[in-house]
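Encoded as structure tokens, the structure appears first; notes follow it.
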Ligand SMILES: Nc1ncnc2c1ncn2[C@@H]1O[C@H](COP(=O)(O)OP(=O)(O)O)[C@@H](O)[C@H]1O
Ligand SMILES: Nc1ncnc2c1ncn2[C@@H]1O[C@H](COP(=O)(O)OP(=O)(O)O)[C@@H](O)[C@H]1O
Ligand SMILES: Nc1ncnc2c1ncn2[C@@H]1O[C@H](COP(=O)(O)OP(=O)(O)O)[C@@H](O)[C@H]1O
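Protein chains in written order, with our numbering: chain A, 550 to 1023; chain B, 550 to 1023; chain C, 550 to 1023; chain D, 194 to 306; chain E, 194 to 306; chain F, 194 to 306.
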């Protein structure tokens, strides 16, 4: 009651006030709230602030890549499946956010064996005195105690990487997978498969101890996503009409503007992905990494365009876009360990690889609507190996030792190869099991009728472009 | 004359130079400009630099949300009104920029009464010695003197928030409002309605003094936008055909790719909106807020999808997207005051609320083409209340006291409710007056013929998708 | 061999592990890697870190503008040329990246004559001890030694600007130019034309010495792009059907949503473009520049919309979008040298200029599908001149001296005019030569048949919107 | 048998379909079309250049019916599509010499419904 | 001469074209159309509001042929388009009184092929 | 009365409309269509897989006229649409047994114009 009265009173006043605008002046001017005294400032605190800023901002950029993946994947698919792909790519980051919070983070960074994390497994609830680093650190997530930022900053940065790995799968299995089944698989990715590999490489696991290096995740993110996608592609089988009576049919994407926009966004996001992986505002590191990253992308764009020019007589935009992504994936592992010139070479090769891979997977009758395998799997492997070939010791500070081409011999290369093989076997095997289990329990593929009419109507009851005359004979 | 001669001479030289590329070497090598001596560096200056960087970068992200709103709103509307919605959402930020500069800022942050600011009203022209803070501050914008950044940084950050409030209205009144009338209303929002509420909560006004907390604007931004939109929706009436002979007709959006892209952009921008509202590079604060923000969004996406699954038998993409936004709106007020687990709960509830709200507004015959009311109004209110329920004192430093669920009793909750009610009454009342005045003066709604043919041709003489066969019976 | 054995063993373990999830606990818990001792922190290092962060993040934003240009330009073109425009805008940044690395940077920033850089020309390979600044600097890129960031940060920031200049040309020559010919021209831009002008103004060249000021590139970036575009437009001639039997025909763009999204992205990116050009996290500078930049854009949007309202009786969205860009281009040179009020005036005039310019170029029978000339050339010139008119000495620290309107007389204005004229002559002349040479060697324009059917099929063999009924009589 | 071709205003389609259903005419084919007739066009403008649009969106119905249904059908269409304003549309009727149901191969009147 | 109008399922177009080519019928015009017939529609929903869609995507073929080709053409279409399921489509035949090739001005049977 | 169906090249539409207007034929309906004829198609490719496109964009005109207008109309179309190159298109003419103006209910010749 009193409340209401008071409100009405103030309201009346407000109105009077606003109509003869300055009347308010009549009211006594009230003192400003007591000022909070500024705390004295330590350089160490400034450093923490700076590093946290860098980690968060780059994490935001990586988050933004979700838009890129959604746009690229739906743009390369048919209009009738657009809503479904958008839904998958949209919901997958929510799934990762929850899965990685519940268990993923703990499995990946919790102190534990060489194979998995065992402490502070659930809800990032382990003891931790971040941003304390090194010797000062006390807690159960010591593998990531090298960076001096708060625990939630570490978590968020790692989360967006986990989300990327999960989202890679979406494109390869597009246009035929059940929405719900995909969601379930994404949980498995975010909670188990990704974190385990992550533990091996970034969580102080056996590969890390073996001296394997993956700066920003050619292996941890892209190979993991790629192998899981491959298993899915094999188990799902090709889309209806893709390989009919022995021929390879093309199923053109419905919106190449969208796909191009998406690729630009991914390129942009990669400037968070790679330079951000310093997890500190290290001037030399971040600028070097940004330049190697961009150089590789540029070289790959050129080489992919040229190769498709030569092979297909016309420069296919899809190939140019995949070329860009291929270069970015390939440089992800080595970006901080190689020179700019090496980055150019790595990128140039990646651009060629991706074009050949796209053609190869078609020949192999593996139907990957968006080229996820050619981009993430093939070049994730290539990039991981490149560390063993092109690394130059301490080029941005990290003691990787030299790669084969720089007189370092096979030590580094072997570690990289070990990672490629073990991660490949593990992820392919684990995700195959997951796919098969899901198929057994809830089914994996939509009905033939639904696939013909489109998953948008079948799975969601929606139409992506209502009012537009969309007319396709496939 | 002499000038020309000189130019031609240098030009000739240039060309010679460029054709035998190194000839230039012949010219005497000139000394580099005298180096500027680097100033000695104080940690306090570094802090100001850091905080300003954070404020500006997050402000840029919030600015970027304009793209998100434009994409979501036009994607959810019909092709024939796409140009109009894009125009509205594009021009509205220009309007806010000017209106908030002219008067809005002063009304909101100028020292004054508990109801409005009265000093330094126009053009941000009041005395101010920012970045000085607390006791050292001397000026007329003391309510915001707690953050140590330059005045223009404060202004810009607050401006992008004002713009968001104004843009929220656009979607709800879409597909039938006159372009010019909307522009006029936006001026009223940016110059009067928003700043007054802003003064109450963030400008040291009576709600602030009452101990009401709204970290990033569930009330100040989203409720304000939502109530103004509600008034508009009621006064404008539904679109032709939406409720014909007692039935609720669906008017599908023309481009769900665009809507999804837009929602991703909004989610991305929210990482500026919430973490940026620390207005300082406070490591613990910004990482905590980023995680609570994302957790709420993720939970809301899941719950909205599940609920629409159960209620509508199919997971509607529109609901999933609205769910995400609902979670983000709901966590906006409490993001810095609640735990990550609470954020998950808040988000999960928000996702349910938004689906029910969309259905409810249809039943109430309130035609909101994009769900702005369900997202911003309903969840703005819910989020504001959540502070009173889930707040944990000093969880990121701010002394909010505990919310009801954490033993804090009703003190905080009452303050929050007072805000919900008074802001609701004030904004609804004020904007109703504004809408009605505009209708009287210049008309509010386009003609029936224009609405049938589409506002793109009627208001702008443009077509959004020239060349595409767009065919709609509505 | 041993390797494989080892791998298989570990693999088996992994699986056992994952099936009875906690078995892993059995394994001995291993110590975390030896912590790296945190280095002691100097404020000068923090400053370098901060500045580098700012430079890199704003550079990322400028990079992102590539998406904006691609979206605006393809949105304003016809569907049948969409793939081609996307390809051009996508590949052009790759070209710039390589061209500017190979030679561009050296020509622009290498110590040399007043006309071109001569030292450290290739691959950014010159001696350089960045981030050392001023007196402490030792190297061959002294013109840019005023900013205390690593060399690669300087390079990357300058690269994204070079890319912008190159991309501006794309839109003006769209819908008729051969893909390959455009690529070749872009190399010339990035390797020769842009760097030379850049040297004059930012590389310590003769214009810099003359006291000419161009804060973020109205001249260096936009005029350069604009003049090169003009030469291209003249030499290519108009699109078929644009000027048929004496009449000006309109050729509507195919996707104004895309164009609007693109313009928002450009506006967003400009907050990197202008505030970033401080190349240091200077609080007062960056916040002042952000506000002037936004004020000019807002004013230009309003004035362009109003003028097109009056002139065309309806507010054309295309004009509103071009208005925004015009304001941004115009404020690019003066943003750090003028007051916010001056920025409003500059923007308002720019918005009027762009509308008149669009109409004028049509009358002049110069066919510029996207308005690149009206935006970048006309307003690049206008903005450059505005420095000479509106500059206020040291308003953000730089000693520009006052402009004409602030009692500074003609000194500054003359320097600005000298730049406008010489840059104009040089770029127009050089690019005309380049265009003509390319035409002679490889041809410049696609065949009439190809232009009718669309460059997407002709140049790329792709379709942008497969499945959509696109039906155009042009 | 007759083939009835009708051009109507797009927003009348739902009502016409309902009216036809009442007249027990359940089968038809619908195509979007652009019509040029007595109805006035409108002006568009793009980047300052104006142009007349005189091809207006219409819906084209194609309905094959037996003689006995012709009038019913025509009346149903007129009844539902007429607004009395220019632009309502036209109905054209041509002779149908054969009609075949692909599914069954049935021919003639039997195949129409 | 006859004008053959056939409505088929979109995904049958390629096969029908192939069959027609075999029957030496190489010329035709194709339009997308929405069909309402015996075939059941489906339900869509948007933001919580459901609606029935009973206009299904079909392809409309228009083929002008000489008498001698009528049966061939019809059989080719039926042969390729039939699945035996509701929705296969219909074929309509009307008399063609004249046919003109714009390029040459040729008229009648000569102009058809 | 006759119903004239003409397939022309899309970029010829404006000229044909102008020519028809000169011939005092102001009313028509226009639909976009895909044509398969003597004109050669072209090759597209997508992500490395090539495919032939032999359905080319055409515009379909449908014009109902009284007998007295048939020749005028045909000549106008031919005059404006002919380029002499393969792909110019075809004109088909069928008998129109009835024509009704929905707005007024007028029938026959009166309703055509
Ligand atoms: N002679 C005709 N031939 C073909 N289509 C016609 C003819 N006359 C009218 N139409 C179609 O009917 C539509 C309505 O005709 P219109 O003359 O505009 O209205 P009304 O018939 O009421 O005078 C036109 O847009 C066109 O699609
Ligand atoms: N009487 C008709 N008039 C016009 N079109 C028809 C008619 N009957 C069928 N069609 C077309 O043929 C399509 C298939 O017809 P339908 O009845 O669904 O299958 P079926 O012929 O196998 O029973 C319809 O979608 C419609 O496009
Ligand atoms: N027999 C036919 N039936 C239906 N449409 C036809 C027929 N012949 C030609 N057409 C239409 O006319 C268009 C032009 O015919 P085409 O044979 O390519 O050129 P031309 O008539 O100059 O030889 C075709 O694309 C098709 O749309």
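Glycine included, each C-beta is placed from N, C-alpha and C at the ideal position. Remember, predicted model here, so these are calculated numbers, not experimental data.
For residue 854 (chain C), I'd like the list of residues in its chain whose CB is within less than 6 Å of its CB, leaving aside the five on either flank, ordered along the chain.
-> 864 and 869
For residue 578 (chain A), the three-state DSSP class (helix, strand or coil) = With a pLDDT of only 37 at residue 578 (chain A), under the threshold of 50, the placement of this residue in the model should not be trusted, and no figure is reported.
Say the cut is 8 Å; is the CB of residue 1001 (chain B) nearer than that to a heavy atom of ligand 1?
-> no
Within 10 angstroms of its Cβ, does residue 296 (chain F) collect 16 or more other Cβ (buried), or is it exposed?
-> buried
Inter-stretch contact (C-beta, 8 Å, three-pair minimum) for the stretch 636 to 652 of chain A and the stretch 829 to 839 of chain A | no
Do you know how far the Cα of residue 746 (chain B) is from the Cα of residue 972 (chain B)?
-> 7 Å
Alpha carbon to alpha carbon, how far is residue 756 (chain A) from residue 748 (chain A)?
-> 9 Å
Check residue 965 (chain B) in the structure and name its three-state DSSP category.
-> helix
Can you list, in chain order, the residues of its chain whose CB lies under 8 Å from that of residue 778 (chain B), leaving out five sequence neighbours each side?
-> 717, 718, 720, 721, 722, 917, 921, 922, 925 and 926
Alpha carbon of residue 633 (chain A) to alpha carbon of residue 1018 (chain A), nearest angstrom = 19 Å
With a cut-off of 9 Å, does the C-beta of residue 292 (chain D) fall near any C-beta of chain F?
-> no
Taking a cut of 8 Å between CB atoms, which residues from the stretch 688 to 699 of chain B lie near chain C?
-> 698 and 699
Answer with buried or exposed for residue 304 (chain D), where buried requires no fewer than 16 other C-beta atoms within 10 angstroms of its C-beta.
-> buried
Report the residues of the stretch 235 to 256 of chain E with a CB closer than 8 Å to any CB of chain H, ordered along the chain.
-> Within the model displayed, chain H is absent; protein chains A, B, C, D, E and F are what it includes.
From A:897, A:886, A:889 and A:882, pick the residue whose C-alpha is nearest to that of residue 873 (chain A); which is it?
-> A:897
Along chain B, in chain order, which residues have C-beta atoms closer than 8 Å to that of residue 990 (chain A)?
-> Under the 8 Å cutoff, chain B gives no residues; its nearest Cβ is about 18 Å from residue 990 (chain A).
Verify whether the separation of the beta carbon atoms of residue 907 (chain A) and residue 240 (chain F) is less than 9 Å.
-> yes
Taking only the alpha-carbon atoms, compute the straight-line gap between residue 993 (chain B) and residue 781 (chain B) and give it to the nearest angstrom.
-> 9 Å
How about residue 942 (chain C) and residue 950 (chain C): are their beta carbons less than 9 Å apart?
-> yes
Return the CA-CA distance between residue 1016 (chain B) and residue 803 (chain C), expressed in angstroms with no decimal places.
-> 6 Å
Given residue 739 (chain C) as reference, the closest of C:602, C:652 and C:620 once Cα atoms are compared = C:652
From residue 205 (chain D) to residue 226 (chain D), what distance separates their C-alpha atoms?
-> 14 Å
Return yes when at least one heavy atom of ligand 2 lies under 8 Å from the C-beta of residue 229 (chain E), else no.
-> yes
Within the same chain, show all residues whose beta-carbon is closer than 8 Å to that of residue 243 (chain E), passing over the 5 residues directly before and after it, in chain order.
-> 236 and 237
If you run the structure through DSSP and keep just helix, strand and coil, what is residue 222 (chain E)?
-> strand
Where residue 247 (chain F) and residue 208 (chain E) are concerned, what is the direct C-alpha to C-alpha distance, given to the nearest angstrom?
-> 14 Å
Of all the CB atoms in chain F, is at least one closer than 9 Å to the CB of residue 1016 (chain C)?
-> no
Three-state secondary structure assigned by DSSP to residue 661 (chain B) | strand
For residue 791 (chain A), three-class secondary structure by DSSP = coil
Could you check where the beta strand (DSSP E) with residue 249 (chain E) kicks off and where it finishes?
-> 249 to 258
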